[in-house]
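A.B. asks: Here it is: the structure, laid out below.
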Amino acid sequence: MSNISLLSAEGIFKQFGKQALLHAVNISVRKAEIHAIMGRSGAGKTTLLKILAGLVSVDSGEVKFQEQVLENPEEVLIPGYEELAYMAQDFRLLKNRTVEENLKDALLAYNSDFSQEQRDKLLHLMRLVPLKDKRIELLSGGEKQRLAIARAMATLPDVLLLDEPFTQLDKATRQVLMDALKEMNAEFSTAIIFVTHDVSEAFYLADIIHFLEDGKIIQSGASKEIYRQPANAQVAQLIGLFNMIPGDLLKGEFSHVLSANKIYGIWPEKIRLESAGDSAEIILKAEVESITFMGNYFLLKAVIGPSSDKNVLYVNTREYSAKEGETISLYINQGNLIKLDE
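Just so we're aligned, residue 3 is where the sequence shown starts under the numbering used here, counting upward by one.
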């Protein structure tokens, strides 16, 4: 994969009124890479995506495509670029038309041979062949989303930008769409940038994940890097690392290497209910508050710390003998603790 940036944002600032939406944002996307943008509601994700698509202007900074600075949308007759295909949450399809007619419309500027070849390829990749003669109003939400992505990809853009493409989809339909995007990325070497609230979508699809908080990117990296070391408590919560233990509760023989004034995270599957006989093991006394069957494991909710300042820990386990209300021992290997910044 080339190290040359295909699409980049450099020092982007954006403000609406007195509210700063984006602050010194930098992103670099290479050909065929998949990037996810995550963050809480109002963090600036959609604004950043529209800026990268050339649809929203910046107050300062630059967006570059193939090393060329993109003009602000008010400086061009029609905002946007054909090389950068943007699909909004309310994907726009031609009503009273069939699936294939929608694709044909997107390819009107091309000769009939290319148009037919491209339609056939996209219908196959997006699992739309059985639906090609179906009218738009008869499609499900997931089918409409797949068609909207196919339309966006019809003219072979270099970058596909998607704003929460998997919302309101059931689990099976979401998986079909994610697999189709992976296949399309491999087939066309199209770079993909998508906004999501769901870390499982980001981990499954993205090469690089960017976390926005209050308009700033607080961490960027590959999913494995972020899983092993989230930058701070905000990123930890966004990726589902809800077990956060104040250092002063991790007492004992490791007090000399653990900071009492720091917060430590640990994944639920890394907490044991039985000792592993490890010399680096920390033992915490906890009260079982609830036990929930989750399908292929049980989720134990346990409470540690004094009654005046309780801390909740979640434990994933396949087997257990504890009962609600009982006091149990939790075993944590010190090496599985993740030191988090505030």
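In this text, a Cβ means the ideal position worked out from N, Cα and C, and glycines have one as well.
It should be emphasised that the depicted structure is a prediction, and the values quoted were computed from it without experimental measurement.
With a CB to CB cut of under 8 Å and the five nearest residues on each side skipped, what residues in its chain are close to L125?
C.D. replies: V101, E102, L105, V131, K134 and A152
A.B. asks: Would you mind reading off the limits of the alpha helix (DSSP H) that contains A235?
C.D. replies: Unbroken alpha helix (DSSP H) run through A235: A235 to L240.
A.B. asks: Please list the segments of the alpha helix (DSSP H) lying wholly inside the region 102-130, counting only runs of 4 or more residues, in order along the chain.
C.D. replies: 114-127
A.B. asks: Is the separation between the beta-carbon of A154 and that of V31 shorter than 8 Å?
C.D. replies: In this structure, A154 keeps its C-beta atom at 8 Å or more from the C-beta atom of V31.
A.B. asks: To the nearest angstrom, report how far apart T169 and S281 are at their CA atoms.
C.D. replies: 46 Å
A.B. asks: Whether or not the region 16-25 and the region 52-63 are in contact is what I'm after, with contact meaning three or more pairs of Cβ atoms, one per stretch, closer than 8 Å; do they touch?
C.D. replies: yes
A.B. asks: Tell me whether L299 sits in a helix, a strand or coil according to DSSP, three-state version.
C.D. replies: Here residue 299 is Tyr; the residue named in the question, Leu, does not match the sequence. The answer is coil: DSSP assigns Y299 none of H, G, I, E or B.
A.B. asks: For K173, name the three-state secondary structure that DSSP assigns.
C.D. replies: helix
A.B. asks: Skipping 5 residues on each side, what residues in its chain have a beta carbon closer than 6 Å to that of E291?
C.D. replies: K303 and V305
A.B. asks: Suppose the cutoff is 7 Å on Cβ atoms and the five residues either side in sequence are ignored; what does the same chain contact list for P159 look like?
C.D. replies: Once the five neighbours on either side are set aside, the close Cβ partners of P159 are E84, E85, L86, A87 and T192.
A.B. asks: Looking only at C-alpha atoms, which of I36, G56 and M40 sits nearest to V201?
C.D. replies: M40
A.B. asks: Checking 8 Å against the spacing of the C-beta atoms, do Y322 and F295 come in under that value?
C.D. replies: Judged by their CB atoms, Y322 and F295 are not nearer to each other than the 8 Å cut-off.
A.B. asks: Check this for me: beta carbons of A278 and Y333, under 8 Å apart or not?
C.D. replies: yes
A.B. asks: From E189 to L207, what distance separates their C-alpha atoms?
C.D. replies: 15 Å
A.B. asks: Identify, in the order they occur along the chain, each residue of the same chain with its Cβ nearer than 7 Å to the Cβ of E185, setting aside the five sequence neighbours on each side.
C.D. replies: L127
A.B. asks: What are the start and end residues of the alpha helix (DSSP H) that includes S225?
C.D. replies: That run of the alpha helix (DSSP H) goes S225 to R230.
A.B. asks: Helix, strand or coil: which one does DSSP assign to Y206?
C.D. replies: helix
A.B. asks: Distance check for L57 and V161, CA to CA, integer angstroms please.
C.D. replies: 14 Å
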